[in-house]
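Everything on this sheet refers to the single structure shown next.
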Ligand SMILES: [Zn+2]
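In the numbering used here, the protein residues as written are 1497 to 2122.
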């Protein structure tokens, strides 16, 4: 009797665990499919089908009959019974081929969703579902569905390369050789990988990591930007533009770490880059100074990009810039070789000018002038600076401000070194303009003040003192993108949530954020919540014991400040005095937050006038145009 009880128990356990597995599989299929649907390319495909989004599910013997389930042991398909689009995947495919691999599943579901978005499956009478197995799939349709599927998977943050490699590996074991298991006319996985490499150019642009990289670059989070571009390159190693971006990012990181002593030692004029601050707001204090290894990596990366695609003018321009800030001192000859080449490519090609924009053209011209000055070629510098001076733009945004500032600096310092009193008088005026528009924390500001101090006695309105100038200076605070959790752990916006979980644990899922394909997860031990799709989109500090956020005020020497959960609005306003904010619904359109776009922080103020929620969010998620 005892044995019988035991065996019943065993069977019961087996049955429950099989059910548990089945529902876990269904959850996985649903969540990956939802993720793919969130991509912009997955919008409703027009009039073809009467409903959208498609219904997705695992084929089961119960629902679809024993025979269908057996026939479709390793299968997936898209169909439109009664014009209602569906995607089905067999249990065999999920348990033997997918085996919990998100990238493989994203590829299979993306391909099927691709067929629907392209309108391949015709509307059929409702009962006819299994007949789609005989549906003729042309090779053209297969390739088109592949391309669409890759686009969806990449946009959703999955790796197509890993997925294809996974399928190729499994082909040997399971003979799963095509998406719909129709055999004959299907390209092999090896074929598909080769095709992926050939047709990569438009694809990497669809990767979320590429856009994340660009947005991190724009907000000067160079380490994060470099990580993003590296992950795009893992997927598409031959993408020269992406490699060029990585090289530029590394170069910016190198320049970002220079101190004013380092710059004094280089003895060059103000170069034009994205932008340039004395100190960054990275949360961890890092070793600053000349990082030769970083410079070398930047130059090697840029050279590899140049070799892969010699038509990229900006890669040449950035190589020129790199030689101006070389750790052992500027090499103006090398710099000019690249800058002049980039300049002539840009000036001779209207399409290139349009593609790169006016900012890039001006930056190249400015840096060419700096290189001429460093080479002692005053005539060459004078010509380029005169050209830029005549074509000055109105200051409308950060970019135009930085370029105008660089122009004032370079013209001012050049004229200040002249022996003619007239030129020195003009220098005083131009340098004063510079000192008024540039942040006092720019590492060139101090150098400019020294030059100004040397020539201002001859100026018509005398000398303005350093404290007077600083008092009227603007403040900058860099976007905060990470939270320090203590114990060497941190959490970054934009990083893979799967990776983050290996450090901080699974947490407690709280539910989805209104309507979106994102999930909110609660971490009581850190007193915070994470909102993530595949990547972390927001970090919410909302309980006692939550980590503080450290900010560094870029203004008049007030040093560090921090904001934290539970502080009063008075305290908050003292710290964030000059930061502009607007009210905005963040996670829920009906709950207003004070959103500070400049630093990527949103604050919900509670009834006691305290900070009840502090949210780190990428400002690129929001429209910044006002
Ligand atoms: Zn197909």
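Here a beta-carbon is modelled for each residue, glycine too, at the ideal position from N, C-alpha and C.
| Item | Value |
| --- | --- |
| Alpha-carbon to alpha-carbon, residue 1731 and residue 1796 | 20 Å |
| Buried/exposed call for residue 1618, threshold 16 Cβ in 10 Å | exposed |
| Residue 1820 versus residue 1759 - alpha carbon distance | 11 Å |
| Residue 1790 versus residue 1834 - alpha carbon distance | 20 Å |
| Distance between beta carbons of residue 1662 and residue 1599, contact taken as under 8 Å | 6 Å |
| Closer than 6 Å: residue 1641 CB and nearest ligand 1 heavy atom | yes |
| Ligand 2 heavy atom lying under 6 Å from the CB of residue 2109 | The model depicted lacks ligand 2 and carries ligand 1 instead. |
| Reduced DSSP category for residue 1985 - H, G, I as helix; E, B as strand; rest coil | strand |
| For residue 1630, the three-state DSSP class (helix, strand or coil) | Bear in mind that a pLDDT of 45 at residue 1630, under 50, signals an unreliable position, so the model cannot answer this. |
| Alpha carbon of residue 2059 to alpha carbon of residue 1785, nearest angstrom | 28 Å |
| Local Cβ density within 10 Å of residue 1706, reported as buried at 16 or more and exposed below that | buried |
| Cβ pair residue 1765, residue 1866 closer than 7 Å | yes |
| Whole-number beta carbon distance between residue 1709 and residue 2030, since they are thought to touch under 8 Å | Not a contact, Cβ separation roughly 15 Å. |
| Closer than 6 Å: residue 1638 CB and nearest ligand 1 heavy atom | yes |
| Opposing strand residues paired with residue 1620 [DSSP bridges] | 1577 |
| Alpha-carbon to alpha-carbon, residue 2107 and residue 1587 | 49 Å |
| Counterpart residues of residue 1905 in DSSP-defined beta bridges | Residue 1905 pairs with nothing; no bridge assigned. |
| Per-residue burial, residue 1461 [other beta carbons within 10 Å of its own, 16 or more giving buried] | Nothing about residue 1461 can be read from this structure; the chain reaches only from 1497 to 2122. |
| Three-state secondary structure assigned by DSSP to residue 2029 | coil |
| Burial state of residue 2103 (16 or more Cβ within 10 Å) | exposed |
| Counted within 10 angstroms of its Cβ, other Cβ atoms place residue 1551 as buried (16 or more) or exposed | exposed |
| Reduced DSSP category for residue 2018 - H, G, I as helix; E, B as strand; rest coil | strand |
| Close-in-space but distant-in-sequence residues of the same chain around residue 2025 (CB under 8 Å, 5 per side omitted) | 2006, 2016, 2017, 2018, 2019, 2035, 2036 and 2038 |
| Residues near residue 1880 in its chain [Cβ-Cβ closer than 6 Å; skip 5 each side] | 1861, 1864 and 1865 |
| Residue range of the alpha helix (DSSP H) that includes residue 1939 | 1939-1951 |
| Coil, strand or helix - residue 1502 by DSSP | Since pLDDT at residue 1502 reaches only 41, below the 50 mark, its modelled position is unreliable, and the value read off the structure follows with that caveat. In the structure shown, residue 1502 sits in a helix (DSSP, three-state: H, G or I). |
| For residue 2035, three-class secondary structure by DSSP | strand |
| Residue 1902 to residue 1871 span [Cα, whole Å] | 18 Å |
| As assigned by DSSP and simplified to three states, the class of residue 1553 | strand |
| Bridge partner(s) assigned by DSSP for residue 2098 | 2091 and 2111 |
| Option in 1847, 1921 and 1965 with minimal Cα separation from residue 1952 | 1921 |
| 6 Å CB neighbourhood of residue 2012 in its chain, flanking five on each side removed | In this prediction, residue 2012 has a pLDDT of 48, which is less than 50 and means its spatial position is unreliable; what the coordinates show is noted afterwards. The answer is none, since no qualifying residue turns up. |
| Exposure label - residue 1783; buried when at least 16 CB within 10 Å | Any reading at residue 1783 is ruled out, since the residue's pLDDT is 48, under 50, leaving its predicted position unreliable. |
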